[in-house]
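In the UniProt record's numbering, the protein residues as written are 1 to 122. What follows is a single structure, written as structure tokens, with notes after it.
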């Protein structure tokens with residue numbers, strides 16, 4: 001990935017890198033999981049903004065969501081499985097089942113309201 005903002009999510013925040021090989025294992029985790037399809041942050045700088053949003057969301061929803069960063073090499077093969085059409089996108093799943101997604105960068109309130117709704121619906 002070689003992007004400082006996204007690397008911080010992986011290194012400091014402890015978000016795992018999700019690959020085609022380990023995606024099912026990640027989806028089997030308890031609770032709500034969020035897959036972060038970043039795209040190439042050099043081409044899609046809004047990926048950095050979404051990464052910052054994810055860091056902040058962990059304080060708003062402590063222990064309620066688990067974020068996995070989709071490896072760029074696996075994105076193209078995993079996009080169809082999760083209905084991802086654009087990047088960056090956050091895909092919310094519970095027990096491997098699709099709950100919803102949030103494409104591109106949005107207003108902060110959109111993330112809060114949609115995440116609350118996804119948590120309540122799941």
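Cβ atoms here follow ideal geometry from the backbone N, Cα and C, with glycine treated the same way.
Report task. Kindly identify the DSSP beta-bridge partner or partners of residue 103. Result -> Position 103 of the chain shown, counted from the first residue, corresponds to residue 103. Its beta-bridge partners are 89.
Query - C-alpha distance - residue 113 paired with residue 79, whole-angstrom precision - result: Reading the chain shown from its first residue, position 113 is the one you call residue 113. Reading the chain shown from its first residue, position 79 is the one you call residue 79. Using only the alpha carbons, I get a separation of about 24 angstroms.
Query - Under 8 angstroms between C-beta atoms of residue 69 and residue 17 - result: Stepping through the chain shown from its first residue, residue 69 is reached at position 69. Stepping through the chain shown from its first residue, residue 17 is reached at position 17. Their beta carbons are under 8 angstroms apart, which means residue 69 touches residue 17 by this criterion.
**Report entry** Under 8 angstroms between C-beta atoms of residue 86 and residue 38
**Finding:** For the purposes of this step, residue 86 is taken as the residue at position 86 of the chain shown. For the purposes of this step, residue 38 is taken as the residue at position 38 of the chain shown. Against a cut-off of 8 angstroms, the Cβ pair of residue 38 and residue 86 comes out as no contact.
Requested in this report: In angstroms with no decimal places, state the Cα-to-Cα distance between residue 97 and residue 83.
Outcome: Indexing the chain shown from 1 puts residue 97 at position 97. Indexing the chain shown from 1 puts residue 83 at position 83. Each residue's alpha carbon lies about 12 angstroms from the other.
Query raised in the report: Would DSSP call residue 98 helix, strand or coil?
Result: One-based indexing of the chain shown puts residue 98 at position 98. Residue 98: strand per DSSP, three-state reduction.
Query raised in the report: Are there 16 or more other CB atoms within 10 angstroms of the CB of residue 102, so buried, or fewer, so exposed?
Result: Your numbering for residue 102 matches position 102 in the chain shown. Residue 102 comes out buried.
Report task. Would you mind stating whether residue 27 and residue 93 have Cβ atoms separated by less than 8 angstroms? Result -> Taking the first residue of the chain shown as 1, we reach residue 27 at position 27. Taking the first residue of the chain shown as 1, we reach residue 93 at position 93. Taking 8 angstroms as the Cβ cut-off, residue 27 and residue 93 qualify as a contacting pair.
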